[in-house]
Each structure stands twice: as structure tokens, then as C-alpha cells.
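Chemist:
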Amino acid sequence: MRGRALMGRAALVALPLLGILVWYLVDVIARPPAWMLPSPQAVASTLWTEHDRLWFHAQATIGQALLGLGLALVVGLAIAVLISASRAADRAIYPWVVASQAVPILAVAPIIAVWLDYGAAQVTVAFIICVFPVIVTGVDGLRSTDPALGRVARTLGASRMWVWRRVTLPAALPALFSGLRMAAVFAVTGAVVAEYVGADRGLGYLTEISTSQFETQVAFAAIAWLAVIGIALFAAVSGLERLALPHRRHSVRPAWRTRRGLASAASSALGDADAEPLAARRRQG
Amino acid sequence: MSEAPRIAVDDLWVGRDGRDGPIDVLAGMSLVVEPGEIVAMVGPSGCGKSTLLGVLAGLEAPSAGVVRLDGVDRPDRLGGLALMPQRDALLPWRTALDNVACSVGWSSARSGDDESRAMDALARVGLDGFEDHYPHALSGGMRQRVALARTLASGARAWLLDEPFGALDALTRAALHRELERAWRSVGSSVLLVTHDLDEAIVLADRVYVSSLRPGRIVAEVAVALGRPRAAADTTRPEFVRLKEELLGVLASTEAVA
Ligand SMILES: Nc1ncnc2c1ncn2[C@@H]1O[C@H](COP(=O)(O)OP(=O)(O)OP(=O)(O)O)[C@@H](O)[C@H]1O
Ligand SMILES: [Mg+2]
Chain A
2 MRGRALMGRA
12 ALVALPLLGI
22 LVWYLVDVIA
32 RPPAWMLPSP
42 QAVASTLWTE
52 HDRLWFHAQA
62 TIGQALLGLG
72 LALVVGLAIA
82 VLISASRAAD
92 RAIYPWVVAS
102 QAVPILAVAP
112 IIAVWLDYGA
122 AQVTVAFIIC
132 VFPVIVTGVD
142 GLRSTDPALG
152 RVARTLGASR
162 MWVWRRVTLP
172 AALPALFSGL
182 RMAAVFAVTG
192 AVVAEYVGAD
202 RGLGYLTEIS
212 TSQFETQVAF
222 AAIAWLAVIG
232 IALFAAVSGL
242 ERLALPHRRH
252 SVRPAWRTRR
262 GLASAASSAL
272 GDADAEPLAA
282 RRRQG
Chain B
5 MSEAPRIAVD
15 DLWVGRDGRD
25 GPIDVLAGMS
35 LVVEPGEIVA
45 MVGPSGCGKS
55 TLLGVLAGLE
65 APSAGVVRLD
75 GVDRPDRLGG
85 LALMPQRDAL
95 LPWRTALDNV
105 ACSVGWSSAR
115 SGDDESRAMD
125 ALARVGLDGF
135 EDHYPHALSG
145 GMRQRVALAR
155 TLASGARAWL
165 LDEPFGALDA
175 LTRAALHREL
185 ERAWRSVGSS
195 VLLVTHDLDE
205 AIVLADRVYV
215 SSLRPGRIVA
225 EVAVALGRPR
235 AAADTTRPEF
245 VRLKEELLGV
255 LASTEAVA
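In C-alpha cells, the structure reads:
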């Protein structure tokens, strides 16, 4: 088991290592000029020496991506609820949501940059890219509920609102999280695309400027940052999903899911051995 | 009986889409469940038993017919009769306890009282120790028992049970028969029990209806005049055997018609 896990870990880093090795060999053998292809060492040292500059621009991109993603979540979910709840909205809105994806965002971004201030334009483009997967997976999720679940709850006295909040919405979460994971990665792309066409900061802006100034190693360093940001957002959404859907990974409710469990987890952290939610409840009952 | 029946079904018709246009699944179904009575219903598979329970619970409107609860015509019955469906319909993201508790108190902020009522219901069906398990981690029979506990804890005055013991072994089933009888006695509820098991029908019910397949209607009603509590051992008593033979005879004739 342990050996397998270690092998898995090793395989995970093997691919990027291989990529860097090829990059290194190309650099050593073909000796391209640094403005065309900087060496891995040069990029690594740039990551270190230019850390302040990179971090300044990274903050801008992260902020725009997160804002766009957050807006897309709120607005996309609201639209998904509307579409799944009303036939009229389904007919009137959904086709346009799909059709809007036929318009290439690269073509629209410059116009948005003309209309909006620096910053707002980036958030808007990130939002436009992210909102689509949120709407589509939200609608699918909200429609995927097994109707029997809500029906039984209704016969036992639950209100329509209860069924929506406690049955329909939770049943939509797995699909919605798939959409959110996609959206998390798209958000970074959206912000960067908009930085190309009009911005005074951000990793996309930095990439463009440093390429035109033959500081290619800085552009490479910025791209490395972008990759890390995308992966981190993806991982964060996956982590949230794991917290929100404990029944997918656990047979028994984990201690942190109960209010008393939280208390007992805290007390066990302070040295109290008994942190089992069941036992806690027994003592109460 | 001076009191109005708890459930009175009068000339109920329910249509469904068939291959050659609509077919009548229930065609003139009439029955009553008196207050404090356990009534069993047996009939061939597909004769419309689950459909009837769905209509009674208020999930579906019949194309014709009246359903009275306590003598009142109630077209909107949702929440008045607790349904235990043939499939357990547990919420996968809630633990066994939370699935039961949601029918006790319909709010997120449950009182400790609701929780102990739910715990009691789980203990009744032999599932104490499994309250923190998610449904996917329970066996089919255990899930069925959680669903039964949810129904018993609901506080409704009538329970509609759709093959509640179908997935259980003989011993667990006998134990749950006793628990159902005890819960029924203590709440004073009325029960309409759909089952395929004639022994189960006779052990639990005051009366047994036999329904026919296409058209779905009651073809026989057999009163079970045996004292309570009844035990599994009673199944070999002559009265019991005679009742069972009578039911088997009626069922065989419904099959012949179909
Ligand atoms: N959603 C549906 N659409 C069309 N026909 C249906 C639908 N649900 C049930 N039926 C039909 O209605 C009839 C009665 O179904 P029902 O589930 O009530 O039978 P049942 O008596 O409960 O059978 P069983 O004992 O096998 O559970 C069946 O012939 C079935 O094909
Ligand atoms: Mg059925």
C-alpha cells in the first residue's frame, strides 16, 4: 500500500521533471538565444530574484480571477435556479446562454477593455468565461434529483421550500462542483486574456510586456506562477467539495460534521482522548 | 362503528400511459381503513398497489374517485399520511439518524427532543449503533429499516407501508412485526400495509384485501379474527392455515383472470 502510494507520488512529478529535462537538453544542445528560450536555471533564478515584481502582478491576477469566479458562482447559480424552476426561463434564456459561447471571448475582450476600467474589464472577462460551466452544471444538477426523494419528504410533512433546500440543492452539489472546478481554472485564463488587451498590472500584462522587451525569462516565470495559481484554485474547489460531501468518502459521519463533534474534536486537540460523535450523543441522550 | 373511517377510498380510477394509449391501473378501487386498524393488501405484481399508496399520500391525483380522511373529502392530502415507499428513498447525504430526524422536526435546528425521538425510532428497528452511518454504508435490509423508522417517527396518524419488510430475513422480519405492532398500538395509528407475504398479512392485519390485476380493484376482503399479539408460531394453527388457504384461493383466481 505504502509502496503504491509512493509510486503514485513519483509518477505525479515524473512528467514535469521530464519536461524540464527536455527543455534543459534543448537549451544545452541547440543553444537558442535567451530571448527566444531562456534556460531552466535562468527562469528558476528569475523566480527568486524577481519575486517582488512577480508577486505584485500575481496579486492583481488572483484578485481578478477570484472576483470573476465568485460573481460567476452567484449569478450563474441564480440563473441555473431560474432555468431549472421555470419552463419559460428555460425556453427564453437557456438557448442564449449556449449561443453566447459561440462568440469567441478573445474577440470580445478588447471591446470590454474599451468600455471598462482596468481591473473591472479583467473581472468581467473572467466572469463571462466562468459563468457558463456554472450555469450548465447547475441546471443539470438541479434537474438530476431523484424525484422519489422529495416525494417521500412531502408525504412526511415537508414543505416545498424544505424539499428544495434540503433535497434538490444538495442533490445538485456534485454536478455543480464539477462545473466549479472547471470555472476555477477558466477564471485565471479569463483574467489573463483581458490583461493582454488593456491593463496596467497582472501576470498576463507582465508576460506581454516582458516578452516585447526581450525579458523572456520573466515571461516564463510569470507563466509558472499562473500554472500554480490555476492548480491552487482547482485544489481549493476540490477541497471544498470534499468538505461539503462527506458521504462520498466516508461510511460513517466524520467527527467534524457534528456540532458536538466539533466541540469534542477541539477537546481532543486539547488532550481529551474521546472524540467520537456517537459516544458524545449517547452521553447526552 | 360510530367513528368515520380514517381512510375511505371510494371508486378510485387512475390511468397510466400504456403502449396502446392510456390504461386504467386502478379501476373502481374502494376500501376503508378504520381508526386504529391494520389493513393488509395483497395482489399480483403490477396490480397497482404502489400506485394506490401514492394517490392516497397525495402525490398524484386520481382521474376519478374520492378519498376521505376521517370522513372529510381531502383532495390535498400531502403530509396527512406517512408513506414508506417500496424503494427506501433515503437522502444519501444524511446519516441514518438525520434521515429519521428530518421527518420528526422539519427544520435544520433540531431540538434534543427530536433527536432522541429519532434515536428511539432507530433503536426500535434494531439499528442503534448505526445512527452515524450514511445510507450507502448500510445493507438493503438496514436501509429499509431506516425508512420504516422514519415513517414510524413521523407522527402521522396513518401509515402507508409498501412492502416494508421485503428485503429482510425471517428472524429480523418477525422481530420487526412485533415492533410495528408495538408502535402501532402506542400511537394508535391506522396502517395500510402492502405485502406479498400472506403469512405477514395474516400475522399483522385485522383485515386483508385482495386486489386483482387489470383491472386493479378489490376482489376479496378477508377478516382475520385472531387474537393479538400473534406470533410466528401461530402460522401453524388451523385457523391461520385456513385463512391462508382462502387467500391463496382468491389470489389464484385473480391470476387466472389476468
Ligand atoms: N410512471 C409510470 N408510467 C406508466 N406506467 C406505470 C408507471 N408507474 C407504474 N406504472 C404501471 O402501473 C401498474 C401498477 O404499478 P404499481 O407499481 O402500482 O404496481 P404494484 O402493485 O405496486 O406492483 P409490485 O407488487 O410489483 O410492486 C404497472 O402495470 C406499471 O406498469
Ligand atoms: Mg409496488
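From first to last, the protein sequence lines stand for chains A and B. Using our numbering, you'd call the opening residue of the first sequence number 2 and step up by one each time. Using our numbering, you'd call the opening residue of the second sequence number 5 and step up by one each time. No residue lacks a Cβ here, since even glycine has one placed at the ideal position from N, Cα and C.
On a CA-only basis, which of W17/B, V104/B and R234/B is nearest Y138/B? Give me that one, please.
Modeler: V104/B
Chemist: Taking S252/A as the query, report the chain B residues whose CB atoms sit under 7 Å from its CB, ordered along the chain.
Modeler: H137, Y138 and A141
Chemist: Under 8 Å, do L252/B and L164/B count as touching if we go by C-beta distance?
Modeler: Taking 8 Å as the cut-off, the Cβ atoms of L252/B and L164/B do not count as close.
Chemist: Please give me, in chain order, every unbroken run of the beta strand (DSSP E) with length at least 3 that falls completely inside the region 191-249 of chain B.
Modeler: 194-198, 211-215 and 222-227
Chemist: Which word fits P79/B, buried or exposed, when buried means at least 16 other C-beta atoms lie within 10 angstroms of its C-beta?
Modeler: exposed
Chemist: Could you work out which residue in I80/A, G69/A and A225/A is closest to W97/A when comparing CA atoms only?
Modeler: I80/A
Chemist: Pick out whichever of F215/A, A59/A, G191/A and G231/A has its Cα sitting closest to the Cα of G69/A.
Modeler: Nearest of F215/A, A59/A, G191/A and G231/A to G69/A, Cα basis: G191/A.
Chemist: Report the residue from R218/B, D238/B, R149/B and T155/B whose alpha carbon sits nearest the alpha carbon of A205/B.
Modeler: D238/B
Chemist: Give the single residue among G203/A, L244/A and R54/A whose Cα lies nearest to the Cα of G120/A.
Modeler: G203/A
Chemist: Using 8 Å as the threshold, is the C-beta distance between I11/B and S194/B below it?
Modeler: yes
Chemist: Who pairs with H137/B in a beta bridge, going by DSSP?
Modeler: Per the DSSP secondary-structure output, H137/B pairs in a beta bridge with V253/A.
Chemist: By Cβ distance below 7 Å, which residues in the same chain neighbour G139/A in space, the five residues on each side in sequence not counted?
Modeler: Around G139/A: G77, L78, A81, A173, L177 and G180.
Chemist: If you count every other CB in all the chains shown that lies within 10 Å of the CB of I130/A, and 16 or more means buried, which is it?
Modeler: buried
Chemist: Measuring from each Cβ to the nearest heavy atom of ligand 2, keep the ones under 7 Å and list them in chain order.
Modeler: K53/B, S54/B, Q90/B, D166/B, E167/B and V198/B
Chemist: Compute every distance between the C-beta of D24/B and the non-hydrogen atoms of ligand 1, then say whether any falls below 7 Å.
Modeler: no
Chemist: Please classify Y25/A as buried or exposed, where buried requires at least 16 other C-beta atoms within 10 Å of its C-beta.
Modeler: exposed
Chemist: In chain A, what lies closer than 7 Å to S194/B by C-beta?
Modeler: Those within 7 Å of S194/B in chain A number zero; the least Cβ separation is about 15 Å.
Chemist: Comparing alpha-carbon positions, which option in R182/B, L94/B and A174/B lies nearest V129/B?
Modeler: R182/B
Chemist: So if I threshold CB-CB distances at 7 Å, which residues from the region 70-88 of chain B count as touching chain A?
Modeler: Those residues of the region 70-88 of chain B that come within reach of chain A (Cβ to Cβ, closer than 7 Å) are L82, G83, L85, A86 and L87.
Chemist: If you reduce the DSSP assignment to three classes, tell me which class G50/B lands in.
Modeler: It is coil, neither helix nor strand.
Chemist: Shorter than 8 Å from the beta carbon of A280/A to some beta carbon of chain B?
Modeler: Its pLDDT being 37, under 50, A280/A is placed unreliably by the model, and nothing is read from it.
Chemist: Ligand 1 and G32/B: does any heavy atom of the ligand fall closer than 7 Å to the residue's C-beta?
Modeler: no
Chemist: Decide if S112/B is buried, meaning its Cβ has at least 16 other Cβ atoms within 10 Å, or exposed.
Modeler: Low per-residue confidence applies at S112/B: pLDDT is 46, beneath 50, and the placement is therefore not dependable enough to give any value.
Chemist: Using only alpha-carbon positions, find the residue among G62/B, A235/B and G144/B that is nearest to L184/B.
Modeler: A235/B
Chemist: State yes or no: is the beta carbon of H248/A nearer than 8 Å to at least one beta carbon in chain C?
Modeler: Of the protein chains in the structure, A and B, none is chain C.
Chemist: Within the present structure, is the beta-carbon of C51/B separated from the nearest heavy atom of ligand 1 by less than 7 Å?
Modeler: yes
Chemist: Any Cβ of chain B within less than 8 Å of the Cβ of T156/A?
Modeler: yes
Chemist: Go through its chain and collect everything with a Cβ distance to L150/A's Cβ below 6 Å, but skip five positions before and after it.
Modeler: V168
Chemist: Apart from the five residues on each side of it in sequence, which residues of its chain come closer than 8 Å, Cβ to Cβ, to L16/A?
Modeler: none
Chemist: Checking 8 Å against the spacing of the C-beta atoms, do V212/B and V228/B come in under that value?
Modeler: yes
Chemist: Would you say the beta carbon of R20/B is closer than 7 Å to some non-hydrogen atom of ligand 1?
Modeler: yes
Chemist: Compute the Euclidean distance between the alpha carbons of L207/A and A220/A, then round it to the nearest angstrom.
Modeler: 7 Å
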